[in-house]
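Asker: FYI, the numbering for the sequence shown is 189 to 408, going by our numbering. All C-beta atoms, glycine included, are put in the ideal place defined by N, C-alpha and C. Would you mind keeping the following structure in view while I ask a few things?
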Amino acid sequence: MGASHNMEVSEFCLEGRFIDFVIKDGYKLKGLLLGTHEGECYIKLAKHLRAGFDLRLPAGTWLQVVGYKEYDIKKDKVTLKAERVMAARSEIATIQTIAAPQEPPSIDNVKVKPAKTKATILVCQKSDCMKRGGKAVCQALEAALSDRGLEDQVTIKGTGCMKNCKAGPNLVMPDKTRHSRIQAEQVPALMDKHFGDKSLSAQSENLREAAIFNGKFYGN
């Protein structure tokens, strides 16, 4: 790849967390934002990558990007252009969250924050469960999360009827385990059982690393 006397071209290889796509005119994919240890950077995608790129890529996914870095000496401007985009880690599974961007994000003065995927505790909010102590259970869950410093990793979500009214209160933990007849005083032991010996940050990491490009690498 040649370069004029005003342009210096070199290869680059970056690893970082995918932040968002950069879209032009509301639908044209132009590039992506990558959060690296040096900060956030904008990377243009080569034409052959734009056509096949999966816009369902979850924010926070670790990527490895290989391409060319162009430095315009006259304008003192650096442009990164990707020729290959690959998963930076081996955890490839099925994409579970689809979040296509609607507008081009601003790339100026934006701080890079790792994407967080919260685990969810489902609690029945129907009247039968509430009468049997559901409200107190919700309050106990909130207190237990706060005591364990899990507020940023676990969320509590109310649901409709779980079809087990006579055995309320009913709730479902993040691992899909269903519990019935739960009372507020049982919540601390329940939280210790599900979260005491587990690293939620590690679980969230595995989920964020899931499924790039439907299990395939683009640009190989």
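Could you give the distance in angstroms between the alpha-carbon of Pro-357 and the alpha-carbon of Ile-309?
Answerer: Locating residue 357 in the sequence shown gives position 169, counting from the first residue. Locating residue 309 in the sequence shown gives position 121, counting from the first residue. Spanning the two alpha carbons is a distance of roughly 13 Å.
Asker: For Glu-199 versus Val-254, is the C-beta distance shorter than 9 Å?
Answerer: Residue 199 sits at position 11 when you count from the first residue of the sequence shown. Residue 254 sits at position 66 when you count from the first residue of the sequence shown. For Glu-199 and Val-254, yes; Cβs fall inside 9 Å.
Asker: Are the CB atoms of Val-342 and Pro-362 nearer to each other than 9 Å?
Answerer: In the sequence shown, residue 342 corresponds to position 154, counting from 1. In the sequence shown, residue 362 corresponds to position 174, counting from 1. The answer is yes: Cβ separation under 9 Å.
Asker: Decide if Ala-281 is buried, meaning its Cβ has at least 16 other Cβ atoms within 10 Å, or exposed.
Answerer: Here the question's residue 281 lines up with position 93 in the sequence shown. With a pLDDT of 38 at Ala-281, under the threshold of 50, the modelled position of that residue is not reliable, and no figure is offered here.
Asker: Along the chain, where does the beta strand (DSSP E) containing Ala-247 start, and where does it finish?
Answerer: Counting from one through the sequence shown, the residue named residue 247 turns up at place 59. Unbroken run through Ala-247: none, as it is neither H nor E.
Asker: Would you mind sorting Asp-242 into buried or exposed? The rule is 16 or more other CB atoms within 10 Å of its CB.
Answerer: To locate residue 242, count along the sequence shown from 1; it is residue 54. So Asp-242 ends up on the exposed side.
Asker: Are the Cβ atoms of Ala-247 and Ala-270 separated by less than 9 Å?
Answerer: Translated into positions along the sequence shown, residue 247 becomes position 59. Translated into positions along the sequence shown, residue 270 becomes position 82. Not closer than 9 Å, so no.
Asker: Alpha carbon to alpha carbon, how far is Lys-354 from Ser-368?
Answerer: Locating residue 354 in the sequence shown gives position 166, counting from the first residue. Locating residue 368 in the sequence shown gives position 180, counting from the first residue. Taking the straight line from one Cα to the other gives about 9 Å.
Asker: From the DSSP secondary-structure annotation, give me the bridge partner or partners of Thr-365.
Answerer: The count along the sequence shown starts at 1 and reaches residue 365 at position 177. Answer is none; Thr-365 lacks a bridge partner.
Asker: With DSSP as the reference, label Ala-234 as helix, strand or coil.
Answerer: Your numbering for residue 234 matches position 46 in the sequence shown. Three-state result, Ala-234: coil.
Asker: Just verifying my parser: in three-state terms, what is the DSSP assignment at Gly-322?
Answerer: If you number the sequence shown from 1, residue 322 lands on position 134. It is helical.
Asker: Using C-beta distances below 6 Å, list every residue in its chain close to Leu-268, excluding the 5 sequence neighbours before and after it, in chain order.
Answerer: Here residue 268 corresponds to residue number 80 of the sequence shown, with the count starting at 1. Correct list, in chain order: Ile-231 and Lys-257.
Asker: Among residues of its own chain, excluding the 5 on either side of Gly-321, which ones have a beta-carbon nearer than 7 Å to its beta-carbon?
Answerer: Position 133 of the sequence shown, counted from the first residue, corresponds to residue 321. These residues qualify, in order along the chain: Pro-357, Gln-371 and Ala-372.
Asker: Who are the Cβ neighbours of Arg-336 in its own chain at under 8 Å, not counting the five residues just before and after it?
Answerer: Within the sequence shown, the letter at position 148 stands for residue 336. Correct list, in chain order: Met-379 and Phe-383.
Asker: Under a three-way DSSP split, which group does Gln-374 fall into?
Answerer: In the sequence shown, residue 374 corresponds to position 186, counting from 1. In this structure, Gln-374 counts as helix in the three-state DSSP scheme.
Asker: Have a look at Glu-203, Cys-312 and Ala-332 and flag the residue whose alpha-carbon is nearest the alpha-carbon of Lys-381.
Answerer: As a first step, residue 381 is located in the sequence shown; it is residue number 193 there, counting from the start. Closest option to Lys-381, Cα to Cα, is Ala-332.
Asker: Would you kindly work out how many angstroms separate the C-alpha atoms of Gly-348 and Cys-201, rounded to a whole number?
Answerer: Numbered from its first residue, the sequence shown carries residue 348 at position 160. Numbered from its first residue, the sequence shown carries residue 201 at position 13. Near 49 Å, if we compare the C-alpha coordinates of Cys-201 and Gly-348.
Asker: Leaving out five residues on either side along the sequence, give the residues of the same chain with a beta carbon under 6 Å from the beta carbon of Arg-366.
Answerer: Position 178 of the sequence shown, counted from the start, is the residue given in the question as residue 366. Sequence-distant partners of Arg-366 (beyond 5 residues in either direction) whose C-beta falls short of 6 Å from its own C-beta, in its chain, are Val-360.
Asker: What is the DSSP secondary structure of Cys-413, reduced to helix, strand or coil?
Answerer: Beyond the ends of the chain as shown, which are 189 and 408, falls residue 413; an answer cannot be given.
Asker: Going along the chain, which residues of its own chain have a beta-carbon closer than 8 Å to the beta-carbon of Lys-345, five neighbours each way excluded?
Answerer: For the purposes of this step, residue 345 is taken as residue 157 along the sequence shown, with counting starting at 1. Contacts found: Thr-308, Ile-309, Leu-310 and Val-311.
Asker: Quick one: what's got a C-beta closer than 8 Å to Lys-265's C-beta in the same chain, skipping five residues either side?
Answerer: Position 77 of the sequence shown, counting from 1, holds the residue named residue 265. Only Tyr-259 meet the Cβ criterion.
Asker: Is it true that the CB of Lys-314 sits closer than 9 Å to the CB of Met-141?
Answerer: The chain is shown only over 189 to 408; residue 141 falls outside these bounds and no answer can be derived.
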